[in-house]
Amino acid sequence: MTREIEARLTAIVAHIGRIDAAALERSTDLVAIGMASITLVEVIFAVEEEFDIQIPYATQAGPMTLGALVDQVAALVQARG
2 MTREIEARLT AIVAHIGRID AAALERSTDL VAIGMASITL VEVIFAVEEE
52 FDIQIPYATQ AGPMTLGALV DQVAALVQAR G
């Protein structure tokens with residue numbers, strides 16, 4: 002399931018951030034690659050809608066790598082059942 006989530010998140014980040022999906026890895030820091038705060042908010046909203054979850058603000062406030070986002074979404078999806 003995590004691979005599917007990672008693929009879907011990568012597609013969302015690439016689309017909204019206008020980034021080549023092939024350049025994204027789990028270790029990619031979304032801020033370090035130049036994503037503006039407003040773009041990150043758009044990514045969060047799109048992810049929440051795609052997976053029908055709510056990502057806690059504390060997760061959004063810290064450094065955000067693609068891998069950390071994948072892990073957080075996977076945990077939220079699993080908790081949802």
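Heads up, the sequence shown stops at 82 in our numbering, and the numbers go up one at a time, no gaps.
Think of the CB as a built atom: it goes at the ideal place given N, C-alpha and C, for glycine as much as any other residue.
Where does residue i sit, in a helix, a strand or coil, going by DSSP?
| i | result |
| --- | --- |
| D30 | strand |
| I39 | helix |
| I56 | coil |
Tell me which residue opens and which closes the alpha helix (DSSP H) that residue i is part of.
| i | result |
| --- | --- |
| A12 | 3-18 |
| D72 | 67-81 |
Report the option in the options whose CA atom is closest to the CA atom of residue i.
| i | options | result |
| --- | --- | --- |
| A15 | F52, M36, M2 | M36 |
| V44 | A75, M2, R9 | R9 |
| I56 | L41, V74, I6 | V74 |
Handout entry: Cβ contact (3+ pairs, closer than 8 angstroms) linking the segment 75-82 and the segment 16-30
Key = With the cut-off at 8 angstroms, the segment 75-82 and the segment 16-30 do not touch.
Handout entry: At least three beta-carbon pairs within less than 8 angstroms, the segment 64-74 to the segment 26-33
Key = In the pairwise beta carbon analysis, the segment 64-74 is classified as touching the segment 26-33: at least three pairs are separated by under 8 angstroms.
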